[in-house]
Amino acid sequence: MTYHLRRAGPPLFLIVVLILIAGITLLTTELIARVVTTMLVILVVVVGLYTFVGNSGVFSFGHTSFMAIGAYGGALLTIPPSLKHVLLPHLPGFLAQVEVPTAVAVLLAGTAAAVVAAVAAVPLMRLSGIAASIGTLALLVVVYVAISNADSITGGYSAIIGVPIDTNIFVALLAAVLTIAASYAFERSPSGLRLRASREDEYAAQAIGVHIARERALAFILSAFLVGAGGALYGHLLGSFSPDAFYIRITVLSVAMLVVGGVNSLSGAVVGTISISALTEVLRRLEEGAGIGAVHVGLPHGFAEIVLAVLMLVILITRPAGITGGKNLQWGWWGRIGRRSRGRRPGDGATTASEIRPAEDGMVRR
1 MTYHLRRAGP PLFLIVVLIL IAGITLLTTE LIARVVTTML VILVVVVGLY TFVGNSGVFS
61 FGHTSFMAIG AYGGALLTIP PSLKHVLLPH LPGFLAQVEV PTAVAVLLAG TAAAVVAAVA
121 AVPLMRLSGI AASIGTLALL VVVYVAISNA DSITGGYSAI IGVPIDTNIF VALLAAVLTI
181 AASYAFERSP SGLRLRASRE DEYAAQAIGV HIARERALAF ILSAFLVGAG GALYGHLLGS
241 FSPDAFYIRI TVLSVAMLVV GGVNSLSGAV VGTISISALT EVLRRLEEGA GIGAVHVGLP
301 HGFAEIVLAV LMLVILITRP AGITGGKNLQ WGWWGRIGRR SRGRRPGDGA TTASEIRPAE
361 DGMVRR
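UniProt numbering puts the sequence shown at residues 1 to 366.
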């Protein structure tokens, strides 16, 4: 029992932290609640991105495309038909008439993103290294161009409006908790362990029977579902958005959150999201300007992006494994943070190829 509780320590710790943040937020202003809600929704996306990148070791710049699919899919399923007839008069019959609850729309939007990922995985998951990363970037461009030019379905480059604003802090918190649980469950599953082994040593993993392309595809599809669901929640938080909301800027932001926190651990995805969200909000306020007596001080527009880029460089140079050092935070982490690890207990960090062995049934065991 104690062992299983210890194995579940990382997600439980992160969930408690998020609950505390949300609880404290309820005692503050509506503006801060909006910021924290946005942070929780983005966390769903970043954890979804980690589910593939952190376990496979293949960096993806294309997951924002799944976020866009989720956002537009969720919007088309929840905008009232009477409004769709006005805004999108050429919408196909089924989409023009359908209207489902937001919760159902989020699941369907995530499923749509997963289906696209399953198709894209056929060529992409056969690639490795920089070729795979460039392939995912190509996917982002393809989806962006497709959405931007599908005038009859998405409204094209114009903003789609009338999306019900149903994402509040409670919905966002629940989604974040479920996403963390799903990501950690996959990480500790046989498929997740095999994939992490291939991340550490691709040739050794192949030698013991790991089908790397298949394991990557499974992670890619699951992460697409999570990111697509996060995109649907994001759309129902904004209420109105255009294709540009799901392109380079949000891609850089989500990647920065994962890199700064630590690519190789679930805790890194969460810590990076919280840290970068707080930093960007402070910088955004400074860009808008602040008054000190009779003096008005403001930073130039775009300064937040510059600071974010510099921060990424500093982290990559001084702490390549991110803030968390590639470790999953647990109870008592403050006594260990910053120290070099002399060994690793189960659940504390990455799984390597030496930790798994082939079994008679063809599966790979720890």
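All residues carry an ideal CB built from backbone N, CA and C; glycine is no exception.
Give every residue of the same chain whose Cβ lies closer than 7 Å to the Cβ of Gly57, excluding the five residues on either side of it in the sequence, and list them in chain order.
Here residue 57 refers to the residue found at position 57 when the sequence shown is read from its first residue. So the qualifying residues of the chain are Arg199.
CA-CA distance, Val116 and Pro92?
Locating residue 116 in the sequence shown gives position 116, where the first residue counts as 1. Locating residue 92 in the sequence shown gives position 92, where the first residue counts as 1. The straight-line gap from Cα to Cα measures roughly 20 Å.
Where Val145 and Ile153 are concerned, what is the direct C-alpha to C-alpha distance, given to the nearest angstrom?
As a first step, residue 145 must be located in the sequence shown, where it is residue number 145. As a first step, residue 153 must be located in the sequence shown, where it is residue number 153. In this model, Val145 and Ile153 are separated by some 13 Å (Cα to Cα).
For residue 427, which residues of its own chain have a beta-carbon under 7 Å away from its beta-carbon, when the five flanking residues on both sides are left out?
The question about residue 427 has no answer here: the residues shown for the chain are numbered 1 through 366.
Three-way DSSP call (helix, strand, coil) for Phe225 in this model:
Here residue 225 corresponds to residue number 225 of the sequence shown, with the count starting at 1. Looking at Phe225 - three-state DSSP - the assignment turns out to be helix.
Identify whether Leu12 lies in helix, strand or coil by the three-state DSSP scheme.
Translated into positions along the sequence shown, residue 12 becomes position 12. In the displayed model, Leu12 falls within a helix according to three-state DSSP.
N- and C-terminal bounds of the alpha helix (DSSP H) containing Asp166
Stepping through the sequence shown from its first residue, residue 166 is reached at position 166. Counting along the chain, no alpha helix (DSSP H) covers Asp166, and no H or E run does either.
Closer than 7 Å by C-beta to Phe59: which residues in its own chain qualify, once you throw out the five before and the five after it? Chain order, please.
Translated into the one-based positions of the sequence shown, residue 59 becomes position 59. Excluding positions up to five away in sequence, the list reads Val53, Ser133.
Quick one: using the 10 Å Cβ neighbour count with 16 as the cut-off for buried, is Gln330 buried or exposed?
Sequence index remark: in the sequence shown, residue 330 carries index 330 (1-based). Label assigned to Gln330: buried.
Cβ contact (3+ pairs, closer than 8 Å) linking the stretch 270–288 and the stretch 252–261
A contact between stretches requires three or more CB pairs, one per stretch, nearer than 8 Å, and the stretch 270–288 meets this requirement with the stretch 252–261.
If you follow the alpha helix (DSSP H) that Ala103 is in, where does it begin and where does it stop?
Residue numbering aside, residue 103 sits at position 103 when the sequence shown is read from its first letter. Run containing Ala103: 102–124, per the alpha helix (DSSP H) assignment.
State the DSSP-derived secondary structure class of Ile323, mapped to helix, strand or coil.
Along the sequence shown, one-based indexing puts residue 323 at 323. The answer is coil: DSSP assigns Ile323 none of H, G, I, E or B.
Over the uninterrupted alpha helix (DSSP H) stretch that includes Ala132, give me the two end residues.
The residue labelled residue 132 in the question sits at position 132 within the sequence shown. Looking at the DSSP string, the run of the alpha helix (DSSP H) that includes Ala132 is 129–149.
Return helix, strand or coil for Gly59, following the three-state DSSP convention.
Position 59 of the sequence shown holds residue 59. Reading off the sequence shown, one finds Phe at residue 59, where the question assumed Gly. If DSSP states are grouped into helix, strand and coil, Phe59 belongs with coil.
Three Cβ pairs or more, each shorter than 8 Å: is that satisfied between the stretch 13–29 and the stretch 227–240?
In short, these stretches do not touch, since the Cβ pair count stays below three.
Using three-state DSSP, classify Glu160 as helix, strand or coil.
Here residue 160 is taken as the residue at index 160 of the sequence shown, counted from 1. The residue asked about is misnamed: residue 160 is Ile in this sequence, not Glu. Residue state, collapsed to three classes: strand.
Grab me the residues of Leu253's own chain with a C-beta within less than 8 Å of its C-beta, minus the 5 sequence neighbours each way, in chain order.
Position 253 of the sequence shown, counted from the start, is the residue given in the question as residue 253. Excluding residues within five positions, the ones whose Cβ falls inside 8 Å are Ile42, Ile276, Thr280, Leu308.
Compare the Cα-Cα distances from Glu99 to each of Thr111, Tyr247, Pro80 and report the closest residue.
Numbered from 1 along the sequence shown, position 99 holds the residue referred to as residue 99. Ranking the options by Cα distance to Glu99, first place goes to Pro80.
Hey, out of Ile32, His301, Arg194, whose CA is closest to Leu218's CA?
Taking the first residue of the sequence shown as 1, we reach residue 218 at position 218. Answer by Cα proximity: Arg194.
Could you tell me the distance, in whole angstroms, from the CA atom of Ala159 to the CA atom of Arg216?
Numbered from its first residue, the sequence shown carries residue 159 at position 159. Numbered from its first residue, the sequence shown carries residue 216 at position 216. Distance between the alpha carbons of Ala159 and Arg216 is about 34 Å.
Can you grab the Cα-Cα spacing for the pair Ala182 / Val86, in whole Å?
In the sequence shown, residue 182 corresponds to position 182, counting from 1. In the sequence shown, residue 86 corresponds to position 86, counting from 1. In a straight line, the C-alpha of Ala182 is about 39 Å away from that of Val86.
Which residues in the same chain as Gly338 place their Cβ atom closer than 6 Å to its Cβ, once the five residues preceding and following it in sequence are excluded?
As a first step, residue 338 must be located in the sequence shown, where it is residue number 338. Residue confidence is low: Gly338 scores 47 on pLDDT, short of 50, so the model does not pin down where it sits. Its coordinate-derived value is still stated next. Correct list: empty, nothing qualifies.
What's the C-alpha gap between Val36 and Tyr203?
The sequence position of residue 36 within the sequence shown is 36, counting from 1. The sequence position of residue 203 within the sequence shown is 203, counting from 1. Approximately 43 Å, taken between the alpha carbons.
Can you tell me whether Phe170 is buried or exposed? The criterion is at least 16 other CB atoms within 10 Å of its CB, across all chains shown.
As a working note, residue 170 is residue 170 in the sequence shown. Classification of Phe170: exposed, given that the 10 Å Cβ count is below 16.
Return the chain-ordered list of same chain residues with a C-beta closer than 7 Å to the C-beta of Ile15, the five sequence neighbours on each side being excluded.
In the sequence shown, counting from the first residue as 1, residue 15 sits at position 15. Excluding positions up to five away in sequence, the list reads Val177, Ile180.
If I measure Cβ to Cβ from Val210 and keep anything under 7 Å in the same chain, skipping five residues before and after, which residues do I get?
Translated into the one-based positions of the sequence shown, residue 210 becomes position 210. If we look at Val210 and ignore the five residues flanking it on each side, its Cβ neighbours are Arg194, Ala197, Ser198, Val364.
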